[in-house]
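Some notes on the structure that comes next.
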Amino acid sequence: MNKKILTVDDSASMRQMINFTLTAAGYDVTEAVDGMDALTKMNGDPVHMIIADINMPNMDGIELTRKVRSHSGYKFIPIIILTTESQGTLKQEGKAAGATGI
855 MNKKILTVDD SASMRQMINF TLTAAGYDVT EAVDGMDALT KMNGDPVHMI
905 IADINMPNMD GIELTRKVRS HSGYKFIPII ILTTESQGTL KQEGKAAGAT
955 GI
């Protein structure tokens, strides 16, 4: 069984690029358009990593990270937040929420 990675981004082109790269590397990829969609798609299923954007409608990547970390089954999976933001405060906030890398 391949490892499952959940990609979360409101940009279809970013989801497509990440999906293409990870699928070519042998991963199973599930896509979500925002944090709320991601939580719905996770729904207790095994996920081995999350790659999320920071700025999204409905629920951003930082709030998604907080919610994932509060769930015992997902507490220790790697969460990578991708962003073009250069603000140090957003990076600190993401780390404080529990992101593995930002």
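For the sequence shown, this note's numbering gives the first residue as 855, with consecutive numbering after it. Where is the CB? At the ideal position from N, CA and C, for every residue including glycine.
6 Å Cβ shell around G948 - same chain, five flanking residues per side excluded: These residues qualify, in order along the chain: I916, I935, I956.
Residue range of the alpha helix (DSSP H) that includes A951: 942-951
Identity of the residues DSSP links to T861 by a beta bridge: E885, I905, per the DSSP bridge assignment.
7 Å Cβ cutoff met for V883 and L876: yes
Cβ separation of I905 and V922, assumed to be a contact under 8 Å, to the nearest whole Å: Not a contact, Cβ separation roughly 12 Å.
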